[in-house]
Amino acid sequence: MSGAREMSAQMTIHVAGDERSVAEGTTAADLFGADRAVVVARVNGVLVDLAHAVADGDRVEPVRIDEPDGLMVLRHSCAHVLAQAVQQVNPDAKLGIGPPIRDGFYYDFDVEKPFTPEDLKSLEKVMQRIINEGQTFHRREVSDADALVELKDEPYKCELVGLKGGMSHDDEDAGASVEVGAGTLTIYDNLRKDGSRAWGDLCRGPHIPDTKLLGNAFKVMRSAAAYWRGDQANNQLQRVYGTAWPTKADLTAYLDRLAEAEKRDHRKVGAELDLFSFPDELGSGLAVFHPKGGVLKREMEDYVRRRHIEEGFEYVGTPHISKEGLFHTSGHLPYYKDTMFPPMEFEGADYYLKAMNCPMHNLIFRSRGRSYRELPLRLFEFGSVYRFEKSGVVHGLTRVRGMTQDDSHSYITPEQAPAEIKHLLNFCLGLFRDFGLDDFYLELSTRDDKHKDKFVGSDEDWQIATKVLEDACVESGLELVPDPGGAAFYGPKVSVQARDAIGRTWQLSTIQYDFNQPKGFQLEYTAADGSRQQPVMIHSAKFGSIERFIGVLTEHYAGAFPPWLSPVQVLGIPVADDFNDYLWDVLAQMKSQGIRVELDDSDDRFPKKIRNASKSKVPFILIAGAEDMAAGAVSFRYRDGSQKNGVPVAEAIEEVIAAIRDKRQV
RNA sequence: GCUGGAGUGGCGCAAUCGGUAGCGCACCUGUCUUGUAAACAGGUGGUUGCGAGUUCGAGUCUCGUCUCCAGCUCCA
1179 MSGAREMSAQ
1189 MTIHVAGDER
1199 SVAEGTTAAD
1209 LFGADRAVVV
1219 ARVNGVLVDL
1229 AHAVADGDRV
1239 EPVRIDEPDG
1249 LMVLRHSCAH
1259 VLAQAVQQVN
1269 PDAKLGIGPP
1279 IRDGFYYDFD
1289 VEKPFTPEDL
1299 KSLEKVMQRI
1309 INEGQTFHRR
1319 EVSDADALVE
1329 LKDEPYKCEL
1339 VGLKGGMSHD
1349 DEDAGASVEV
1359 GAGTLTIYDN
1369 LRKDGSRAWG
1379 DLCRGPHIPD
1389 TKLLGNAFKV
1399 MRSAAAYWRG
1409 DQANNQLQRV
1419 YGTAWPTKAD
1429 LTAYLDRLAE
1439 AEKRDHRKVG
1449 AELDLFSFPD
1459 ELGSGLAVFH
1469 PKGGVLKREM
1479 EDYVRRRHIE
1489 EGFEYVGTPH
1499 ISKEGLFHTS
1509 GHLPYYKDTM
1519 FPPMEFEGAD
1529 YYLKAMNCPM
1539 HNLIFRSRGR
1549 SYRELPLRLF
1559 EFGSVYRFEK
1569 SGVVHGLTRV
1579 RGMTQDDSHS
1589 YITPEQAPAE
1599 IKHLLNFCLG
1609 LFRDFGLDDF
1619 YLELSTRDDK
1629 HKDKFVGSDE
1639 DWQIATKVLE
1649 DACVESGLEL
1659 VPDPGGAAFY
1669 GPKVSVQARD
1679 AIGRTWQLST
1689 IQYDFNQPKG
1699 FQLEYTAADG
1709 SRQQPVMIHS
1719 AKFGSIERFI
1729 GVLTEHYAGA
1739 FPPWLSPVQV
1749 LGIPVADDFN
1759 DYLWDVLAQM
1769 KSQGIRVELD
1779 DSDDRFPKKI
1789 RNASKSKVPF
1799 ILIAGAEDMA
1809 AGAVSFRYRD
1819 GSQKNGVPVA
1829 EAIEEVIAAI
1839 RDKRQV
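To convert a position in the first sequence, counted from 1, into the working numbering, add 1178.
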């Protein structure tokens, strides 16, 4: 190093776009170290430690702690501090992997006893001490053989060393790539101020220069079990989740966001607003809709049904159960049996609750000869399906065992596929906008080529289907995220993901290209030349499930639904009993025009009625007292607490009607 | 399904070392009722999720089971 300096050989590099001449041996820290907010560098597109020495011709950019890559590194380094803390408290804990994730990080450990909430609290204290020590991260290259010797007490790390090179995509997904990259193995040592080694971990890096940067803007969140390398067949490790941010204020803001999400939780809001419940007596994952939730559900269904018909769908109806043969033909019993409820046997046949509507729609298609002139033939219904979801995954309305799909099947010629998919995609997006969601991206789920046994159909069929879907996605201009291995057993799918009011994403629509069921059901139509041809079918559920969508909307609006969906649209509150009749007369006029109204004629005093009304989140509170009555008027109180007094009755009615008609939020 | 946590009136919570279940809201009754987030008084309601066990005695300890929560694995 000093030799190089003496020679003072110069080299040319590009720093954040500017060409600069620097001495050989210059590190990223030399270039950016003065700014503590710069935590790592990007050299020729690759993230490296600040201690990394740049080479002639390198393109070097600073990476700040608050940009996405910087946050990932910060969180990854925090995961190391957590692991150090765990091994300090429990030297027998074996290390799994510890990657950064969205908003935080986790680290997996093999420990005798799972972590208790108290353990997590004390771990946080130990972490804080490590951070306050100002330990520095140092990268050290090791050979595979040396690594295996050094890590002889870390069986999981050794396994990762053995995997290096032959790493599969699954492992990358599971975060293993954070520990070992494709190239030389590296170990990161944490050194104390006096230069002694506090801890070390097999890791690809890079890391922040020192632990001080973590400050007090981190938190250990929770622990849970996780399978080693994400495989149910492997050991369960104890995973500790944490979060880390550039500043304490960022951490607080994040915790506030979590609190906001909790406040919006549809299970909580649904109970508060008397929308739906999940009676134990029914069984797990089965919801009942109360009158107010019933209004919401009916409004949605009525609108969605009408829109389907306008878009060229035909409304059909099918039963909830069927003899097993049907689900053999469709492929569900061979490929999907675990997710179906066990059969009930009677009259010598096994009957299954349906998990999908498509087989029954196929029977409708097949009920008579079909002409090419009928295509696209689009069958649609609100189909009740039942799925035997594993007990641990059932969750509110978003993951249930009994649900209503707004399910349709388009029977088309292969040539019609691109146009039909585009049509469906636009239809879905339009529906979401009507419901107040307007931020989307697409996910393309394809077959996992390594597990072909989970999917039916030839390579060629899959290739064609995938290409058609992908083209439609690209053409939509929306962001497209690949999801390898996520396809249905009978074909690839596109799903529409929507972001809600607080930025969370939900999977809603799915559009699936299916060449298998037409084969299985021997569907055919007569082409123009008189030949018999096999149609392609496109499955599409716009909201996925009505139940889930109600859950999503409840959280999106935090229960304050736009007037057209609100169970009660106008709630009348008289200033005193004497105005009950006058106010009811106004409400009755609204009611006769289809507006959902209620009058609070309870014995409560006026302020209490206002409070109750506010908590119920009705969009329009209508107030009438002596002044209003004298003027033939009413007063509005809106959800934000604002007020509009002395509105002539006719005007008030028009205001409410317009808001409902325009599907406006108020 | 797996790991951990938790189930106490409709909802939110309390109950010390194991000593026989209490509060607020809601609900019911009565007296009230005049302009923007809680009038006052009284009252009803619980086999502490369910079933065993330990104990003189179990909300509390043990086992089983069901349900919920967090995550894993899956998925609309």
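Ideal Cβ positions, reconstructed from N, Cα and C, are used throughout, including at glycine.
If you're wondering where the values come from, they're calculated on a predicted model, not measured in any experiment.
DSSP three-state call for Y1530: helix, strand or coil?
strand
If V1646 and I1599 are in contact, beta carbons under 8 Å, what's the gap, nearest whole angstrom?
7 Å
Going by the CB atoms, is the gap between A1830 and L1800 shorter than 8 Å?
yes
Work out the CA separation of S1455 and P1826 for me, nearest whole Å.
40 Å
Using only the alpha-carbon positions, how far apart do Q1843 and P1741 sit?
7 Å
Between the segment 1553-1572 and the segment 1672-1691, are three or more C-beta pairs nearer than 8 Å?
no
Measure the C-alpha to C-alpha separation of V1659 and P1269 and round it to an integer number of angstroms.
41 Å
Integer-rounded CB distance, given that M1581 should sit under 8 Å from S1723
4 Å
From the DSSP output, which residues share a beta bridge with T1582?
S1562
Can at least three beta-carbon pairs, one atom from the segment 1381-1398 and one from the segment 1331-1343, be found at a separation below 8 Å?
no
Three-state secondary structure assigned by DSSP to G1495
coil
Using CA coordinates, which residue listed in R1237, V1466, H1192 and R1551 is at the minimum distance from D1707?
R1551
Which first and last residues belong to the alpha helix (DSSP H) in which R1789 is found?
F1784 to S1794
In whole angstroms, what separates the C-alpha of A1422 from that of V1730?
28 Å
Specify the secondary structure class of D1778 as computed by DSSP and reduced to three states.
coil
Given that a residue counts as buried once 16 or more other Cβ atoms are within 10 Å of its Cβ, and exposed if not, what is S1794?
buried
Could you check where the alpha helix (DSSP H) with W1762 kicks off and where it finishes?
N1758 to K1769
Along the alpha helix (DSSP H) that carries I1309, what are the first and last residues, could you check?
P1295 to E1311
Whole alpha helix (DSSP H) runs in the segment 1694-1718 with 4 or more residues, listed along the chain?
1694-1698
In the structure shown, what three-state DSSP assignment does I1831 receive?
helix
Go through its chain and collect everything with a Cβ distance to S1346's Cβ below 7 Å, but skip five positions before and after it.
With a pLDDT of only 44 at S1346, under the threshold of 50, the placement of this residue in the model should not be trusted; the figure read from the coordinates follows. Cβ within range, chain order: n/a, list empty.
Work out the CA separation of P1246 and L1273 for me, nearest whole Å.
26 Å
Cα-Cα separation, F1293 to A1261
13 Å
Helix, strand or coil: which one does DSSP assign to I1191?
strand
Should the segment 1309-1318 be regarded as contacting the segment 1275-1285, the criterion being three or more beta carbon pairs within less than 8 Å?
no
For G1383, which residues of its own chain have a beta-carbon under 7 Å away from its beta-carbon, when the five flanking residues on both sides are left out?
D1227, R1317, T1364 and Y1366
Short Cβ contact (8 Å threshold) for V1753 with A1809:
no
Taking the CB atoms as reference points, tell me whether Q1712 and C1536 lie closer together than 8 Å.
no
Nearest to G1235 by CA position, among L1615, V1320, M1189 and A1215, is which residue?
M1189
What distance in whole Å lies between the Cβ atoms of F1667 and G1509, which are believed to be in contact at a cut-off of 8 Å?
7 Å
Determine the closest residue to F1461 out of I1308, Y1564 and A1650, with distance taken between C-alpha atoms.
According to the sequence provided, residue 1461 is Gly. The question's Phe does not apply to it. It is Y1564 whose Cα lies nearest to the Cα of G1461.
Any contact of the segment 1807-1822 with the segment 1767-1775, i.e. 3+ C-beta pairs under 8 Å?
no
Excluding five sequence neighbours on each side, which residues of the same chain lie with their C-beta closer than 7 Å to the C-beta of Q1266?
V1304
What ranges does the beta strand (DSSP E) occupy inside the segment 1394-1472, keeping only unbroken runs of at least 3 residues that lie completely in it?
1396-1405 and 1414-1422
Hey, which unbroken runs of the alpha helix (DSSP H) at 4 residues or more fall wholly within the segment 1668-1698?
1694-1698
Which residues in the same chain have their Cβ closer than 6 Å to the Cβ of K1390, if we skip the five residues on either side of it in sequence?
G1312
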